[in-house]
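Chains as they are written, first to last, in my numbering: chain A, 7 to 300; chain B, 7 to 300; chain C, 7 to 300; chain D, 7 to 300.
We put the CB at the ideal spot given by N, CA and C, even for glycine.
Reading through the structure tokens given below for one structure.
There are 4 protein chains.
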Amino acid sequence: MTKGKDVRTMPMSAILLIHCPDRKGLILAVTEFIKKNNGNILYLGQHVDAQKARFFMRVEWELQDFIIPTEKIGEYFDVLLARKFNMQWKLYFSGRVPRMAIFVSKLPHCLYDMLSRCQSGEWDIEVPVIISNHPNLEKPAKQFGVDFHCFSMTGSNKQEQEKNQLEILNKLEIDFVVLARYMQILSEDFVAHYPNRIINIHHSFLPAFPGAKPYHSAYERGVKIIGATSHYVTADLDAGPIIEQDVVRVSHADSIKDLVRKGRDLERVVLSRAIWAHVQRKILVYDNRTVVFN
Amino acid sequence: MTKGKDVRTMPMSAILLIHCPDRKGLILAVTEFIKKNNGNILYLGQHVDAQKARFFMRVEWELQDFIIPTEKIGEYFDVLLARKFNMQWKLYFSGRVPRMAIFVSKLPHCLYDMLSRCQSGEWDIEVPVIISNHPNLEKPAKQFGVDFHCFSMTGSNKQEQEKNQLEILNKLEIDFVVLARYMQILSEDFVAHYPNRIINIHHSFLPAFPGAKPYHSAYERGVKIIGATSHYVTADLDAGPIIEQDVVRVSHADSIKDLVRKGRDLERVVLSRAIWAHVQRKILVYDNRTVVFN
Amino acid sequence: MTKGKDVRTMPMSAILLIHCPDRKGLILAVTEFIKKNNGNILYLGQHVDAQKARFFMRVEWELQDFIIPTEKIGEYFDVLLARKFNMQWKLYFSGRVPRMAIFVSKLPHCLYDMLSRCQSGEWDIEVPVIISNHPNLEKPAKQFGVDFHCFSMTGSNKQEQEKNQLEILNKLEIDFVVLARYMQILSEDFVAHYPNRIINIHHSFLPAFPGAKPYHSAYERGVKIIGATSHYVTADLDAGPIIEQDVVRVSHADSIKDLVRKGRDLERVVLSRAIWAHVQRKILVYDNRTVVFN
Amino acid sequence: MTKGKDVRTMPMSAILLIHCPDRKGLILAVTEFIKKNNGNILYLGQHVDAQKARFFMRVEWELQDFIIPTEKIGEYFDVLLARKFNMQWKLYFSGRVPRMAIFVSKLPHCLYDMLSRCQSGEWDIEVPVIISNHPNLEKPAKQFGVDFHCFSMTGSNKQEQEKNQLEILNKLEIDFVVLARYMQILSEDFVAHYPNRIINIHHSFLPAFPGAKPYHSAYERGVKIIGATSHYVTADLDAGPIIEQDVVRVSHADSIKDLVRKGRDLERVVLSRAIWAHVQRKILVYDNRTVVFN
């Protein structure tokens, strides 16, 4: 599924994500840097976590008329500001269509949802490949014109298969990976290749019901609300930084099958909101928590 | 706080809560029993838990013109139906104002809420006593005209103090107990005196964050939604059958103090909905889960 | 898109939807009818609207061992019960895959969602045809293997085009029609062919913001929550009986474009819940309101 | 109900609310003003309404070490910045306990809720007076130790009674007024005395069901969700800028009485959130819409 336009167009705006120890004058310093170089701020969000004495900022500005050449912005910002304030930062440019790989197993609902959003133009995201450990979802992949690779996982071949998968991702210049009900646990090594760039959807309101069969557990516990959680994948199962959650009311009248059905709608929408926030560069991660600017 | 009317008025309707192994003809048998004795059904709710092959029913009917005398209905139902179908059942009558004891520690928000609902007539519930392990909330108790008993708990005197508390509850003919942020764990023995008649409010979306300081844990985990849970108290801490839950969205911008503030509103409303369902006799408990007829 | 099985399989259960003036003995009469003929009740839901003194009931029972032949159930029920109690009723059988026609204009999100649910097996619904007044969505129709008919509407040709559309629906034995952001108003005559069988999705929380451009109106009014409404189509625009609604929180930070984006997710899920309830035969309509059994 | 401390303590921080035509350099100018005078920013929120080309900002900073004397900050800001950028602005100081008057008629639920929050210390708000057009709620007023004034409204005496009410408000140095289900329409003249300082709670999801008896209308229309809306009062009934809304799910099973009961919980919490945002100085009003910084 290739967009009918050049994926690397002239960037219109720059987005800077920053966090650093809190101190006086941080907002001023950043806004001064942009103003002095003739940038027009489109968005500024900041947050101070008083608990952790940490400052977070997202700022977006127009590049038209900006004095520093686009390819030099990072360098200048680093030298002039970041080092002084001990800032962790990332710089992104609009107009760069992100490239997403989707990992699936047998359940199709999130896959259809994501492919529909991409194909219809709702999302401006490239999907060069779908990877699975089962052949079941080849049909929708083909139907939407996306390459489908099946890697059977036997337990003993995990290391080798992950190596093959990483090669594909690397070759296709994948920016981030989405686990859309992928029923395999990624190795620590795999995760390390895409830090805060692998998004998982878990079918419970974490930290309740981590691991397998959360809808069964929810039924057994008799909860009155079920949830879904989208988070960045870390080496710890279902324990990575949470990006988005949502819930739906259930009752005694709902069987496990009903929970699964209601949960599907949750999973679709929670995962899609997380992906949206990710590609809009609205997310900062610090200390296993996310700051998601609205 | 005593209502200005006789608490034992002529009952207008009977409510029967039933559960038993599922089989054919249960609804028919019950409706026939009521019809034949000239009762008019006001409400009938039923539920079959296919997973557990269990049948649940709530039926309410007018007593005017009902042939069986009120005090004999239980006996007749037991002999004619319950034994045959192996039914667990409870019979209640409208017009009997339930008597609620409130246990508190230092936090006043749920207490004010409940007393306001009773005094304003929103709830038709008697509150003969408030029991606490701290003197802090004596003022609102007095203000609403409710007796306040303070039992300091030292760890070593728990058994004795609970005995004193039970004596009060017994003497005041208390129907059910509400733990409104009561910061003590009741003994198994105490709980056994009021099976499925002690309602607790826990300030998290159980089973996430049981035990102490759930708002702190929620903050640390970085959840995007917090919740509150009302449940019947059992011998296992925060593990009893859930009656009601609700949630509210939070974000990185919310400090622990903000979570506490937002949580207070949740706790109030979740607890009040649970109490409402309880006194309306809408709740059946089976296998640590509730069936709550709407 | 044709299911790989015979669409008319042996029915496993019968579903009866009833409403009538409220009186004593209605539940008993219906359950007796089923029991005497050896049916096993799978579900019974009833509701009395005290305001309107109207009784509503949904009952489903197994047909295996049922004494009355399937094709005679309606007749027997009518003669033995319905006439006596002045009941309005409908009888459905499981195993009959409903046939849905989808009407669209240019917006694809609901269309993709419904086709994905059908193709993946989440829904057991046949979609023999998609009808549009624009050619834009022919591609997804083809991609999912569904016939696509485009009828340009000029204002003057409406009557004729609707006649052509009705012929197609009739020929394809369509059970119900879904308007998935179809930007045409159906004539009273067209609606009369499918009473309570045309489901529309409106992109506001009705009765707020009926008619065109509700997201613009919501922005202008400065609401803090937006909604979507699925309802049966009647001759009055956006005034038919509401089946399902849901909402999402918005803020001053959301532009109209953001409202449209957030609203899309609402529309998808609200419409899909309404379709689910419709094909599960859970909906009764009376006096322009719905009773939706859960 | 008088707080046990001096209501005018030393302010710890200043809060500036600004809106003006959008242009480059606004954030920089404000942050520079604060930094140069040795203020430490505690919070900065900004919003650009692209639709209306309007810039909004809320900034809070510590006054300790701030060079400009507290009583001169407004003047300096006006001269140095506001005139240049054509800013509308308001300046507030922490430590000033706001003084709230409550207007009621007969319904007590919001009144109890607000008084409980004030008395328990959840809110740091003074309530010097409760004004009503009925004597019914004198008891809770007395119980919480608040002066209660009853002004019977006959239609013909409205102008005079409002004059008397305004005199009281004026004498008591009331900062803002809350209409807690006050069943009278304030005159345009009255409203003009407290622009964006009169908060009303309306028991529907506006703009649906304005005016009288919204729960009856909601029942008649058969909506599946009901709401409550808190807004600033303007001369147009129920049409002022919306501060906060929330909703709760209902069903066919809910009678009008049930809607009223569920709605009460909504009204309480929606009104209380609006009051919280107001006294935290988080609200800007422009063009009949609110910007509510979180």
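- Under a criterion of Cβ atoms nearer than 9 Å, the residues of chain C adjacent to N300 (chain A) are, in order, S257, A259, D260.
- Beyond the five residues adjoining it in sequence on each side, Y49 (chain B) comes within less than 6 Å, by CB distance, of E66 in the same chain, given in chain order.
- From the listed residues C:Y225, C:E68, C:Y221, C:I289, the smallest Cα separation to Y238 (chain C) is found for C:I289.
- Annotation for F72 (chain C): no alpha helix (DSSP H) segment contains it, and DSSP assigns it neither H nor E.
- Per DSSP, R274 (chain D) lies in no beta strand (DSSP E) segment; the continuous alpha helix (DSSP H) that holds it begins and ends at 262-285.
- As summarised for the region 91-152 of chain C, the continuous beta strand (DSSP E) elements at least 3 residues long and confined to that stretch are 94-99, 105-110, 132-138, given in chain order.
- Comparing alpha carbon positions, the residue from D:R270, D:L143, D:I191 closest to Q165 (chain D) is D:I191.
- Here H155 (chain A) carries a strand assignment [DSSP, helix/strand/coil].
- Taking a Cβ-Cβ threshold of 7 Å, the residues of chain C close to T296 (chain D) are G228, H258, in chain order.
- The Cβ atoms of F72 (chain C) and I24 (chain C) lie no closer than 9 Å to each other.
- DSSP, read as helix, strand or coil, puts Q165 (chain C) in helix.
- For the options B:F196, B:A245, B:S210, B:R187, the alpha carbon positioned closest to that of R227 (chain B) is the one of B:S210.
- Taken residue by residue, none of the region 265-284 of chain C has a beta-carbon sitting less than 7 Å from a beta-carbon on chain D.
- According to the DSSP assignment, V197 (chain C) belongs to no beta strand (DSSP E) but to the alpha helix (DSSP H) extending over 194-199.
- Only residues of its own chain outside the window of five on either side were considered, and among them A20, L97 have a CB closer than 7 Å to the CB of I79 (chain A), listed in chain order.
- Contact check for V135 (chain A) and V152 (chain A): beta-carbon distance about 7 Å, within the 8 Å limit, so the pair qualifies.
- The CB of Q57 (chain D) comes closer than 8 Å to the CB of Y225, S261, I262 in chain C, given here in chain order.
- Residues of the region 21-38 of chain B with a Cβ closer than 7 Å to any Cβ of chain C, in chain order: K30, G31, I33, L34, T37, E38.
- Counting every other CB atom within 10 Å of its CB across the protein chains shown gives S162 (chain C) a total below 16, marking it as exposed.
- M63 (chain D) has D:I24, D:Q52 as its beta-bridge partners, per DSSP.
- Using beta-carbon distances, E68 (chain A) does not count as an interface residue toward chain C, since no partner is under 9 Å.
- Around L50 (chain C), the beta-carbon contacts reaching into chain B at under 7 Å are I33, Q52.
- Listed in chain order, the non-local C-beta contacts of F215 (chain B) below 7 Å within the same chain comprise S223, A224, local neighbours out to five positions each way being set aside.
- Comparing alpha carbon positions, the residue from D:L277, D:D293, D:N300 closest to L121 (chain D) is D:L277.
- In chain order, I33 make up the part of chain D whose C-beta sits under 7 Å from the C-beta of I47 (chain A).
- With the criterion set as a beta carbon lying under 9 Å from some beta carbon of chain D, the members of the region 119-140 of chain B are D119, L121, S122, R123, Q125, S126, G127, E128, in sequence order.
- For the 9 Å CB-CB criterion, E132 (chain B) and R105 (chain B) form a contact.
- At a cut-off of 9 Å, the C-beta of H115 (chain D) has a neighbouring C-beta in chain B.
- The alpha carbon of D260 (chain C) has as its nearest neighbour, out of D:D28, D:Q251, D:Q57, the alpha carbon of D:Q57.
- Contact check between the region 142-149 of chain D and the region 165-175 of chain D: fewer than three CB pairs, one atom from each, fall below 8 Å, which does not count as touching.
- Three or more Cβ pairs closer than 8 Å define a contact, and the region 191-204 of chain A meets that threshold against the region 233-252 of chain A.
- Ranking C:A35, C:F299, C:L178, C:Q251 by CA distance to the CA of F91 (chain C) puts C:A35 first.
- As DSSP reads the structure, R255 (chain D) sits in a beta bridge with D:I231.
- Listed by position along chain D, the residues whose Cβ is nearer than 9 Å to that of Q190 (chain B) form an empty set, because the closest Cβ is around 21 Å away.
- DSSP lists A:M106 as the beta-bridge partner residues of F182 (chain A).
- F99 (chain A) has a beta carbon lying at 9 Å or more from every beta carbon in chain C.
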